[in-house]
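Undergrad: Residue numbers (the numbering used here), protein chains in the order written: chain A, 9 to 352; chain B, 8 to 519; chain C, 262 to 462. We treat Cβ as the ideally placed atom computed from N, Cα and C, and that holds for glycine. Predicted model, so just to flag it, every value in this text is computed and none were measured.
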Amino acid sequence: MEYLQTFWADLPVVVQILLKIAAIMVPLLITVAYYTYAERKVIGHMQARMGPNRVGLFGFRLLGLGQPIADAVKLMFKEIIIPSGANKLLFLLAPLLSIGPALAAWAVFPFDAGLVLADINAGLLYILALTSLGVYGIIIAGWASNSKYALLGAMRSAAQIVAYEIAMGFALVGVLVAAGSLNLGEIVAAQQGNLLNWYWLPLLPLFVIYFISGVAETNRAPFDVAEGESEIVAGFHVEYSGMTFAVFFLAEYANMILISALTALMFLGGWLSPFQGTPLAGWFDWVPGIFWFLMKTGFFMFCFLWFRATFPRYRYDQIMRLGWKVFIPITIVWIVLIAWLKVA
Amino acid sequence: MAYLGESYPDNTDTEIALPCLPTRNPIRAVCFMPDYPAAVYPALPEMFLLSCTCLILIADLFLHRTKKSLTYLLSLAALAGTFFLTLHVSSPDTQLLFTESYIRDPASDLIKLGLLAITFLALIYAQDDLSEQGLLRGEYFTLVLFATLGMLVIASAHSFLTLYLGLELLALSLYSLVPFNRDSTTGSEAGIKYFVLGALASGMLLYGISMLYGATGALTFTEVAAAIQTGQVDQTFLVFGLVFIVIGIAFKFGAVPFHMWVPDVYQGAPTSVVLFLSSAPKIAAFALALRLLADGLPGLAEHWQNMLAILAVLSMALGNVIAIAQTNIKRMFAYSTIAHVGFILLGLLAANEKGYAAALFYSLVYALTAVGGFGVLAILSRQGLNAEQIDDLRGLHQRSPWIALMMLLLLFSMAGVPPTVGFFAKLFVLEAIISLDQIGLAVIAVFFSIIGAYYYLRVIKVMYFDQPDVSTLPVRITSGSMAALSANGLSVLALGVFPATLLALCQAAFSP
Amino acid sequence: MSFQLLLFYLFAAVLIGAALMVITRRNPVHSALFLVLAFFSCSGLWMLAEAEFLAIALVLVYVGAVMVLFLFVVMMLDINLAELRAGFVRNAPVAVLVALLIGAQLVLILGPERFGLAQFAAPVPKPADYSNTEALGLALFTEHLYAFEIAAVILLVGIIAAISLTLRRRPTTRYQNPGQQVRVQAKDRLRVVKMDAEDVA
Chain A
9 MEYLQTFWAD LPVVVQILLK IAAIMVPLLI TVAYYTYAER KVIGHMQARM GPNRVGLFGF
69 RLLGLGQPIA DAVKLMFKEI IIPSGANKLL FLLAPLLSIG PALAAWAVFP FDAGLVLADI
129 NAGLLYILAL TSLGVYGIII AGWASNSKYA LLGAMRSAAQ IVAYEIAMGF ALVGVLVAAG
189 SLNLGEIVAA QQGNLLNWYW LPLLPLFVIY FISGVAETNR APFDVAEGES EIVAGFHVEY
249 SGMTFAVFFL AEYANMILIS ALTALMFLGG WLSPFQGTPL AGWFDWVPGI FWFLMKTGFF
309 MFCFLWFRAT FPRYRYDQIM RLGWKVFIPI TIVWIVLIAW LKVA
Chain B
8 MAYLGESYPD NTDTEIALPC LPTRNPIRAV CFMPDYPAAV YPALPEMFLL SCTCLILIAD
68 LFLHRTKKSL TYLLSLAALA GTFFLTLHVS SPDTQLLFTE SYIRDPASDL IKLGLLAITF
128 LALIYAQDDL SEQGLLRGEY FTLVLFATLG MLVIASAHSF LTLYLGLELL ALSLYSLVPF
188 NRDSTTGSEA GIKYFVLGAL ASGMLLYGIS MLYGATGALT FTEVAAAIQT GQVDQTFLVF
248 GLVFIVIGIA FKFGAVPFHM WVPDVYQGAP TSVVLFLSSA PKIAAFALAL RLLADGLPGL
308 AEHWQNMLAI LAVLSMALGN VIAIAQTNIK RMFAYSTIAH VGFILLGLLA ANEKGYAAAL
368 FYSLVYALTA VGGFGVLAIL SRQGLNAEQI DDLRGLHQRS PWIALMMLLL LFSMAGVPPT
428 VGFFAKLFVL EAIISLDQIG LAVIAVFFSI IGAYYYLRVI KVMYFDQPDV STLPVRITSG
488 SMAALSANGL SVLALGVFPA TLLALCQAAF SP
Chain C
262 MSFQLLLFYL FAAVLIGAAL MVITRRNPVH SALFLVLAFF SCSGLWMLAE AEFLAIALVL
322 VYVGAVMVLF LFVVMMLDIN LAELRAGFVR NAPVAVLVAL LIGAQLVLIL GPERFGLAQF
382 AAPVPKPADY SNTEALGLAL FTEHLYAFEI AAVILLVGII AAISLTLRRR PTTRYQNPGQ
442 QVRVQAKDRL RVVKMDAEDV A
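1. Our contact map puts A208/B next to A385/B with C-beta atoms below 8 Å; I'd like the distance itself, whole angstroms only.
2. So who's on the other strand from F68/A, going by DSSP bridges?
3. Report all residues from its chain with a CB closer than 7 Å to the CB of M84/A; omit the five preceding and five following residues, and keep chain order.
4. Flag A280/C as yes if its beta-carbon sits less than 7 Å from any beta-carbon of chain B, otherwise no.
5. With respect to the beta strand (DSSP E) encompassing L104/B, which residues constitute its N-terminal and C-terminal limits?
6. Could you please give the first and the last residue of the uninterrupted alpha helix (DSSP H) stretch that includes I345/B?
7. Could you tell me which chain A residues have their CB closer than 7 Å to the CB of S392/C, listed as they occur along the chain?
8. Classify A364/B as helix, strand or coil using the three-state DSSP reduction.
9. Are there 16 or more other CB atoms within 10 angstroms of the CB of P33/B, so buried, or fewer, so exposed?
10. Which residue's Cα is closest to the Cα of L125/A: F292/A, M163/A and L27/A?
11. Less than 7 Å between C-beta atoms, sequence neighbours within five positions excluded: which residues of the same chain meet that for S493/B?
12. Between I446/B and the ligand ADP, is the CB less than 6 Å from at least one heavy atom?
13. So, is H266/B buried or exposed, given that buried needs 16 or more other C-beta atoms within 10 angstroms?
14. Give the single residue among L345/A, A229/A and W332/A whose Cα lies nearest to the Cα of L212/A.
15. Which residues in chain A have a C-beta closer than 9 Å to the C-beta of V324/C? List them in chain order.
16. What does Q242/B pair with, by DSSP beta-bridge criteria?
17. Evaluate contact between the stretch 240-255 of chain A and the stretch 319-331 of chain A, counting only Cβ atoms and requiring at least three cross-stretch pairs below 8 Å.
18. Excluding sequence positions up to five away, which residues of its chain have a Cβ less than 7 Å from the Cβ of V322/C?
19. Note down the Cα distance separating H165/B from S106/A, rounded to an integer number of angstroms.
20. What does D241/B reach in chain C if we use C-beta pairs closer than 7 Å?
21. Please state the DSSP three-state secondary structure of T19/B.
22. Quick one: does V320/C have its CB under 7 Å from some CB of chain A?
23. Can a CB atom of chain C be found closer than 7 Å to the CB of V196/A?
24. Does T485/B come out as helix, strand or coil in the three-state DSSP assignment?
25. Would you grab the beta carbon distance between G215/B and L249/B for me? Rounded to a whole angstrom, and I think it's under 8 Å.
26. Does any C-beta atom of chain C lie closer than 7 Å to the C-beta of V160/B?
27. For D136/B, name the three-state secondary structure that DSSP assigns.
28. Who are A511/B's beta bridge partners in DSSP?
29. Based on the DSSP secondary-structure assignment, which residues constitute the bridge partners of I216/B?
30. With burial defined as no fewer than 16 other Cβ atoms inside 10 Å of the residue's Cβ, what is the status of Q265/C: buried or exposed?
31. Looking at P109/A: is its Cβ nearer than 7 Å to the Cβ of F256/A?
32. Hey, out of G325/C, I424/C and L451/C, whose CA is closest to Y6/A's CA?
33. Mind listing the chain C neighbours of I147/A? Cutoff is C-beta to C-beta under 9 Å, in chain order.
34. Distance cutoff 7 Å, beta carbons only. Does T106/B sit that close to anything in chain C?
35. In or out: Y11/A buried (at least 16 other Cβ within 10 Å) or exposed?
36. Excluding the five sequence neighbours on either side, which residues of its own chain have a C-beta within less than 7 Å of the C-beta of P506/B, listed in chain order?
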């Protein structure tokens, strides 16, 4: 153990950072892969089907656990078709622009007390800025594809994301007013106490709005008009195939995980134990904080799938109405209320 | 005039550790912790106007299309209330608020009172015209009120920051008022021109401001003036910034050679907008120049005096000469505005109390006559028939002798014919110039005023001696407009017979 | 050369390059995307100047929101470039002359003898726990409170202006009233008629 510690300390800083990044990225990408599998399984069971159960590992069926790997291999070997008249550079750049921010946002994410890659002061702002960049991938994909469906999808997505980003930003403003800090670790620390102290209760409207806006922001059902399979085929990524398509796919799921994790962090106390402040607290002292954090994130990730299986797609004008006329006013009112309570 | 006896302690330099900060990293800030609300009391008119405007904005949403006259009445009430509050907080001393970024002095009081009174008149004229042209939307009133607020902010600005923000508030409201008639292509064209050129001018002004800020390291005018006074700041650099600032001011005034937008905007915008745009904002432009040049840059007076002299001479020459060639009366008024701006600049370039008083007097008088002149055009406009050409005024005397008489008085005042107040306005400016031994400038001013008299008299000739050809019907006029026009025309006469009161106020505003 | 200086020159070079591309690209979408790049480099420069709040806010506001809407509009544009270029060529000599004149003046005035590093003392580095955000908030809400309020009013006017210039209620447009839709009850839409069974035979 001591040997390992000295070994680690002797490594150059750049290598240390790279290893830390890998320690976040590898589990994240594996989660993304199995999230797609979970989606098919969960929705399958909700619709009284089996979901994928054929592709196994090493000759064992294992409930179809090999499915994501088979999918990945298939997509890697498919040809990338670039449509005629498309802007080649932007066409290939778009998927990267869409996954970049989704991964970069994890840099400031605290998984447990002190367990964070970059503990910066304006962490919340950084996350907001990065999540707002994901839309470029979609817009550029829509435009560079030189296809009507893609452009329509891009337009829908641009308007929708800008609208919901405001509500999302305002919801986070409420959180930072309540916590008095932009640092994510301090936001969690400010929720110490017990389960009722977590911000889901004092900021209930913001919590609900944040998560719903998060669903809209990731273009997931019931806000998936940007893809709108039944109306505009697949929207912004209709022309993409092979690995370029896979990257969009990865970005979407990585974003969903990010939103789930953020919601857990901002409103459900991140790594804090739910038994804090109860007589049971002592029993669970041995559980590491990251376990609670993953449980909470997992719950929201499940909600994403649950929504998709439950709700029909919103009509486009209804999405706009909900964003501008319902969510934004509510968040503004609640911010004022929180600020007033904070000062009083 | 009631005023607050106590003066406000200037606590800019007090160091306070703010209690609201988290203890993690206590910041000791140089900060402004005034004793609310007493310390912001002199800003009461602005606060009142802003609150009223916001309330009117909301109230208007719930009013049915046919009941917009309530918005109009509320707007008048808001202006009147602001007027009385301005009177209430006025006093002969000078107060600095908001870490010296706001100034309340006799000059700002007088400018604000003038602005508010003229906007009040403008709204009365506009109301009839708007309903006649089917443009009666609540936004007109809220935008005019916001523009007025912007002008009040300019009048009280004591730092580059507030001055610029006030100017933008005014400009943004005006940009959106010009294309107010959305179905008119000339209106949209005028709006775009005004917006693009105005944004360019704002950019120039801002660039100049950033130069001066870079050179002096100060935003408030007291500090800027003090920094220039020390003589340690590079003069070339200051003048470089000054050039851009003067360009910005000249554009906002519409002085030659930055006048391109004026005729197009006056012609393209609805009369109801022009009568506001041509009047009160000229007083605000005067306030802008006064605050920037007289308060902020008195140390550079010798430089800006020369620049203003060139602008003034060009404006008087070009404005008066081109106005003669116009057949469209709105364009004619536009060029006449340019000429009048020349006079205001003449007064400013005197750079002494006398000159500022004369320029303020001139701006107030000009705004009063301009709003009346466009008010008459608004009254004459009828559904589908805009009074646009000079010929539309033919035989006005036969159609309505009283309106013709009022228009006569207003035109006389613009031309500078005694005994109307326009004569005295010109006289005071010339006096200020001559006392500086600038005889040449004075001669040029008189020469072009005489040329200018021609086209005003031509309109009078058309009104009195030509036969009406379009319509011989008597002019329909509401009692509100009639009262406003009568007050407007008669005040031009009354102030001309007794100019001493207003002059005394103007002089008191600048007496040290 | 320190690492920071290297970064500075890198960001500055990208910024200038991107800004040049913005005004020289034929395709407005490319121009807009280069503008995004310019904002990013600018944000990097601000970050080097220890203004991390402003740097992130620049990305958040301009890149994340303003430019998205800008792209949205630009993608819809159908500009006839030939037409634009005709005017450009005709006016180019005058424009070049004016630009050269202004450029020469700027160089003469803003040269290193007035704006060299010697004239400006280097700022004192802030301690590690110095929070830009708090300092900015303090300055905004105390020293510049008045200006802050006016800026808010300007934004409000912007909203009013945009709505008053663009919102048209066309009489032919059919609107939905979601409130009414939600409030609707079965008895409003469906009438259950009781009738006796008819004798078919």
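TA: Walking through what the data contain:
1. In the second sequence, counting from the first residue as 1, residue 208/B sits at position 201. In the second sequence, counting from the first residue as 1, residue 385/B sits at position 378. Contact flag wrong, Cβ pair sits at about 28 Å.
2. Walking along the first sequence from the start, residue 68/A turns up at place 60. Bridge partners of F68/A: L65/A.
3. As a first step, residue 84/A is located in the first sequence; it is residue number 76 there, counting from the start. For M84/A, where only same-chain residues beyond five positions count, the Cβ hits under 7 Å are M251.
4. Taking the first residue of the third sequence as 1, we reach residue 280/C at position 19. Cβ-Cβ to chain B under 7 Å: no for A280/C.
5. The count along the second sequence starts at 1 and reaches residue 104/B at position 97. Element bounds for L104/B: Q102 to L104.
6. Along the second sequence, one-based indexing puts residue 345/B at 338. In the DSSP assignment, I345/B falls within the alpha helix (DSSP H) that extends over I336 to L356.
7. On the third sequence, residue 392/C is found 131 positions in, with the first residue counted as 1. Identification of chain A residues near S392/C by a Cβ-Cβ cut-off of 7 Å yields N129, ordered along the chain.
8. Within the second sequence, numbered from 1, the residue matching residue 364/B stands at position 357. Residue state, collapsed to three classes: helix.
9. Translated into the one-based positions of the second sequence, residue 33/B becomes position 26. Caution applies to P33/B, whose pLDDT of 39 falls short of 50 and renders its modelled position unreliable; the model cannot decide the point.
10. Here residue 125/A is taken as the residue at index 117 of the first sequence, counted from 1. Ranking the options by Cα distance to L125/A, first place goes to L27/A.
11. By 1-based counting over the second sequence, the position of residue 493/B is 486. Contacts found: M413.
12. Absence of the ligand ADP from the depicted structure is noted, as is the absence of any ligand whatsoever, leaving it without description.
13. Translated into positions along the second sequence, residue 266/B becomes position 259. Label assigned to H266/B: buried.
14. Taking the first sequence and counting its residues from 1, one reaches residue 212/A at position 204. Closest option to L212/A, Cα to Cα, is L345/A.
15. Taking the first residue of the third sequence as 1, we reach residue 324/C at position 63. Those are A137, S140, L141 and Y144, listed as they occur along chain A.
16. Locating residue 242/B in the second sequence gives position 235, where the first residue counts as 1. Here Q242/B is not bridged, per DSSP, to any residue.
17. no
18. In the third sequence, the residue the question calls residue 322/C occupies position 61. So the list is empty, once near-sequence residues are dropped.
19. The sequence position of residue 165/B within the second sequence is 158, counting from 1. The sequence position of residue 106/A within the first sequence is 98, counting from 1. Whole-angstrom Cα-Cα distance: 48 Å.
20. Within the second sequence, numbered from 1, the residue matching residue 241/B stands at position 234. Within 7 Å Cβ-Cβ: R375.
21. As a first step, residue 19/B must be located in the second sequence, where it is residue number 12. The predicted position of T19/B is uncertain, since its pLDDT is 41 and thus under 50; no value can be drawn from it.
22. Translated into positions along the third sequence, residue 320/C becomes position 59. At least one chain A Cβ lies under 7 Å of V320/C.
23. Working through the first sequence from its first residue, we reach residue 196/A at position 188. Output row for V196/A: interface = no.
24. In the second sequence, the residue the question calls residue 485/B occupies position 478. T485/B falls in the coil class under three-state DSSP.
25. Your numbering for residue 215/B matches position 208 in the second sequence. Your numbering for residue 249/B matches position 242 in the second sequence. Yes, they are in contact, since the Cβ atoms of G215/B and L249/B sit about 7 Å apart, within 8 Å.
26. As a working note, residue 160/B is residue 153 in the second sequence. V160/B counts as touching chain C.
27. Here residue 136/B refers to the residue found at position 129 of the second sequence. Assigned with DSSP and collapsed to three states, D136/B falls in helix.
28. Here residue 511/B is taken as the residue at index 504 of the second sequence, counted from 1. Bridge partners of A511/B: none, in fact.
29. Residue 216/B sits at position 209 when you count from the first residue of the second sequence. In DSSP, I216/B forms no bridge with anything.
30. Residue 265/C sits at position 4 when you count from the first residue of the third sequence. Result: exposed.
31. In the first sequence, counting from the first residue as 1, residue 109/A sits at position 101. In the first sequence, counting from the first residue as 1, residue 256/A sits at position 248. Not a contact, by the Cβ cut-off of 7 Å.
32. Missing from the structure shown is residue 6/A; chain A here goes from 9 to 352 and no further.
33. Taking the first residue of the first sequence as 1, we reach residue 147/A at position 139. The contacting residues are V329, L332, F333 and M336.
34. As a first step, residue 106/B must be located in the second sequence, where it is residue number 99. With 7 Å as the cut-off, T106/B counts as an interface residue toward chain C.
35. Start at 1 with the first residue of the first sequence, and residue 11/A comes out as number 3. Per the 10 Å Cβ criterion, exposed.
36. As a working note, residue 506/B is residue 499 in the second sequence. For P506/B, where only same-chain residues beyond five positions count, the Cβ hits under 7 Å are V428 and F431.
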